[in-house]
Amino acid sequence: MAKISAAEVNKLRKTTGAGMMDCKKALVEAEGDFDKAIEILRKKGQKVAAKRADRDSSEGAAIAKVSDDNTQGVIISLNCETDFVAKNDSFVTLANDLAALALGHDSKEAFLNADFNGMTVQEKLTEQTGVIGEKIEIGGFETLKAPFVGSYIHAGNKIAVLTGLSKAVNGAAEAAKDVAMQAAAMNPVALNEDGVDQSVIDKEIEIAKDQLRQEGKPEAMLDNIAKGKLKRFFKDNTLVNQDFIKDSKQSVAQYVKSVDADLEVTGFKRVALG
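Quick note: the sequence shown uses our numbering, first residue 16, plus one each step.
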């Protein structure tokens, strides 16, 4: 049997993130061959991944990253099964490392096939499934491009938001973060009225009409009153029309214009866990 040194075990642990005993066993089985030991650990991950494929992975870490020039951003959620794993420092570090890599990719598929320290991201997820013993996968993957992109990650990494602004002006960073915090807290369904799906609008009108009928309102009045209720729905549920949480006397759109008269919110992405 090959004699395995502590330095070799430590090197394999640093490369894969696997536990010391798992690394030692893999090196013994591989008779000291480092690459073969990595393959052994990967195969273990594949077996665990296959067993846990149907598990719910609704916990994890949602991480937002923005490019150095603030013109693009990405959010990923690294999902796992338990909150215990989600709060682990090494898990959060991996989520941050993966999010940094994701910044250069426009689709989840391209990201999963990207190189991560000599293996694909998907292979890394499979490996970590074996290491941690829980289903590990990329859940959310959202990108955003704009003249200025800002971000916000809510405490505990449960919600991450990107917001896009129409100009890179003085105060853009704070404004983008404030709007991202708004989206994190208020969970708007769309940026503005135009972004609300017609099926959602039809459903809201129908709900409003049903309520009015139960209140005994005449059928002839229903359309006009329902339109008024729809306006209220847009105000409460579209980002730029919502009351700004830091100052309810103005809407989000008005707050952004107070930073710069021509400034507008051009888009947002939100990923939440749990």
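Each residue gets a CB set at the ideal place from its N, CA and C atoms; glycine is no exception.
This structure is a prediction, so every number in the text was calculated from the model and none was measured.
- The residues L237 and A241, in chain order, have a CB closer than 6 Å to that of K224 in the same chain once the five nearest residues on each side in sequence are set aside.
- Within 10 angstroms of the beta-carbon of F99 lie fewer than 16 other beta-carbons, which makes it exposed.
- About 5 Å separates the CB atoms of F283 and T178; that is less than 8 Å, so the two are in contact.
- Assignment of I151 by DSSP, reduced to helix, strand and coil, places it in the coil class.
- For the pair A110 and K40, the Cα-to-Cα distance works out to about 27 Å.
- Taken through DSSP and simplified to helix, strand or coil, Q265 comes out as strand.
- Considered as a whole, the region 85 to 110 harbours 98 to 101 as its complete alpha helix (DSSP H) runs of no fewer than 4 residues, in chain order.
- In the assembly as shown, P233 is an exposed residue. Its beta-carbon has fewer than 16 other beta-carbons within 10 Å.
- DSSP places A276 in the coil class of the three-state scheme, outside both helix and strand.
- For L27, the uninterrupted alpha helix (DSSP H) segment begins and ends at A21 to T31.
- With contacts defined by Cβ atoms closer than 9 Å, N239 and F249 do not form a contacting pair.
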